[in-house]
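Residue numbers (my numbering): 8 to 329.
Built from N, CA and C at the ideal position, the CB exists for glycine as well.
In what follows, a structure is listed as structure tokens, so that the remarks can point back to it.
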Ligand code: AHG
Ligand code: MN
Ligand code: MN
């Protein structure tokens, strides 16, 4: 089995990006260690604080963010970081070649129930004409990502990564501390009978989305003439990982719950990296009216609707929305 760094060299990835990924994976191994020890490591429960998005921060959100932040800012290749748990861009080495956005701990509501959680990251080239701490560093569409990935802290710790040449999975061999390649060039089946959506938000969706879901639920006797099954992990990493493993459609559509927040998932460190991974595995990732990777970001923590997964099923869903 080849390890992550052999794989990256095989893919002709340049040394600075490999070194940056070593930092990301070192941080994720630290997080995985703490996740595994749970209450024994004192990482469960909430803090007294909220992040800039008004969400209560869990201990593990803060610990994971601090681990990633400390290690990344010590890396000479990092010009700036953006995190779900940081209000603004944090400057690194102004001569660094890369900027990185991350969700240090995705699926926070699963922390205290020993459920699936993960870390999501997205890497771009730094823009030399801008100051390191300029928010505009991150106003690059997802098509400009040079690398995207997530680490899933499940029964095993997995890294799923793309540098634009396919999507590949690595499993952490905890005895050696090495990520070993366990799936190469993943291909998501174009058709599926499995969907993922938080059904409790139904009354807040637009009519077209309600129609699409009601046709899935109608099963064999409905217009789709086949039965669909539903799964919801409440952690995007877990739901997207299932789609990557066996196909499916994952949706977090726009809704009218809160006029200030038309959608839930964040473009920079949730939608974009997942979209790059899904597309590199032959799937499709849209935000209702446009391809996620084509969206021109306007704010660091902006939220977008997400519809991704098996290409034909995503296309069918978009057909309802047009
Ligand atoms: P985070 O824990 O980083 O704030 O992200 C949670 C996100 C995403 O992982 C998941 O798909 C979604 O929120 C779950 O939303 P519901 O609470 O509506 O199930
Ligand atoms: Mn998240
Ligand atoms: Mn998070």
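- Query: Which value, in whole angstroms, describes the spacing of the CA atoms of residue 71 and residue 104?
  - Reply: Residue 71 and residue 104: Cα-Cα distance of roughly 24 Å.
- Item | Candidates 263, 286, 216: closest to residue 326 by CA position | The option with the nearest alpha carbon to residue 326 is 216.
- Task: Would you please state the rounded distance, in angstroms, between the beta carbons of residue 147 and residue 157? I believe it to be under 8 Å.
- Result: With 8 Å as the limit, residue 147 and residue 157 do not qualify as a contact, their Cβ atoms being about 20 Å apart.
- Among 203, 127, 125, the one whose alpha carbon lies nearest that of residue 253: Nearest of 203, 127, 125 to residue 253, Cα basis: 203.
- According to DSSP, is residue 32 helix, strand or coil? Secondary structure at residue 32: helix, using DSSP grouped into helix, strand and coil.
- Mark residue 221 as exposed unless 16 or more other C-beta atoms lie within 10 angstroms of its C-beta, in which case mark it buried. That one is exposed.
- Item | Backbone secondary structure at residue 125 - three-state DSSP | In the three-state scheme derived from DSSP, where H, G and I count as helix and E and B as strand, residue 125 is classed as strand.
- With a 10 Å radius around its C-beta and 16 neighbouring C-beta atoms as the bar for buried, classify residue 44 as buried or exposed. Looking at its Cβ environment, which holds fewer than 16 other Cβ atoms inside 10 Å, residue 44 is exposed.
- Item | CA nearest to the CA of residue 214, picked from 199, 261, 286 | Nearest to residue 214 by C-alpha distance, out of 199, 261, 286, is 261.
- Task: State buried or exposed for residue 316, treating a residue as buried only when at least 16 other CB atoms are found within 10 Å of its CB.
- Result: Residue 316 comes out buried.
- Message: By DSSP's criteria, residue 247 is part of a beta bridge. Which residues make up the other side?
- Response: Paired residues: none, contrary to the question.
- With residue 65 and residue 118 assumed to form a contact (beta carbons below 8 Å), what rounded beta-carbon distance in angstroms separates them? Between residue 118 and residue 65 the Cβ distance is about 5 Å, and since that is below 8 Å, they are a contact.
- Residues of its chain near residue 115, where Cβ-Cβ distance is below 7 Å and the 5 sequence neighbours each way are ignored: Only 65, 68 meet the Cβ criterion.
- Any beta strand (DSSP E) of 3 or more consecutive residues that is wholly inside the region 50-131: As far as the region 50-131 is concerned, its whole beta strand (DSSP E) runs of at least 3 residues are 53-57, 63-65, 85-90, 105-113.
- Backbone CA spacing between residue 239 and residue 102 [nearest angstrom]: Distance between the alpha carbons of residue 239 and residue 102: 42 Å.
- Message: Tell me the DSSP secondary structure of residue 301 in three-state form.
- Response: Looking at residue 301 - three-state DSSP - the assignment turns out to be helix.
- residue 110: CB within 6 Å of a non-hydrogen atom of ligand 2: Under cutoff, so the answer is yes.
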